[in-house]
Structure formats: structure tokens, C-alpha cells
Amino acid sequence: MNKISDYEHIIEVARTETTEKANSYLALGWVMLNIESNQYSEHSWSTAYVLGWNKSKNQIKYPEKTEWEKMSDKVAKDESIPF
681 MNKISDYEHI IEVARTETTE KANSYLALGW VMLNIESNQY SEHSWSTAYV
731 LGWNKSKNQI KYPEKTEWEK MSDKVAKDES IPF
């Protein structure tokens, strides 16, 4: 069981819903803090991975954005889209 002292050196928290992205964080030295499973309906589940960066590793390293994330960022900045 995790104790509070296990988390006292975590300085950044990230959450992702893909195993691919979670593995990218882990490869850079992030630690897995939690795996969340949420049931939305009888046959619909969602899994999310919560990761933390330990301050002893110095500068925070982030994984490269996926093509989907890059596209989402571009759309979010596009003020011609009405939503």
C-alpha cells in the first residue's frame, strides 16, 4: 500500500487514456501513480493512467505529442470553428 511519503517528491502529474502514451511517460522515467477504471454503461469502460514525475529526476520530460494531440491542438487554436 502506498504511503503519503511515497508521493511527497512528485512535482508533476499527468493523466492519459492510452496505453501507448502511458508507456511513453514510463520510458522517460515517470512513475505510475494509479490506474483508473470507470464504467459508463453496462458494456462501456474507460481506463486512464495517472503518472507522476519525481523531482529527484530534475527537469521534467514530456513524451512527444501524438498526431491526434497535434491535430487537436491545431483545432483548439482555430477561431473559425464555432465551438
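681 is the number of the first residue of the sequence shown in our numbering; add one for each residue after it.
From the three backbone atoms N, C-alpha and C, an ideal C-beta is built for every residue, glycine too.
What you are looking at is a predicted structure, and each value in this text was computed from that prediction instead of being measured.
Alpha carbon to alpha carbon, how far is residue j from residue i? Give it in angstroms, no decimals.
{"i": "Asn734", "j": "His723", "result": "36 Å"}
{"i": "His689", "j": "Val730", "result": "15 Å"}
{"i": "Gln719", "j": "Glu692", "result": "27 Å"}
I need the DSSP call for residue i, collapsed to helix, strand or coil.
{"i": "Ser717", "result": "strand"}
{"i": "Tyr742", "result": "coil"}
{"i": "Thr698", "result": "coil"}
{"i": "Glu692", "result": "strand"}
{"i": "Trp748", "result": "helix"}
{"i": "Leu706", "result": "helix"}
Pull up the DSSP beta-bridge partners for residue i, would you.
{"i": "Ser726", "result": "Asn718"}
Enumerate in chain order the residues of its own chain whose CB-to-CB distance from residue i is below 7 Å, with the five nearest sequence positions on each side excluded.
{"i": "Pro743", "result": "Lys701, Ser704, Tyr705 and Leu708"}
Can you give me the Cβ contacts of residue i inside the same chain, cut-off strictly under 8 Å, excluding the 5 residues immediately before and after it?
{"i": "Trp725", "result": "Ser717, Asn718 and Gln719"}
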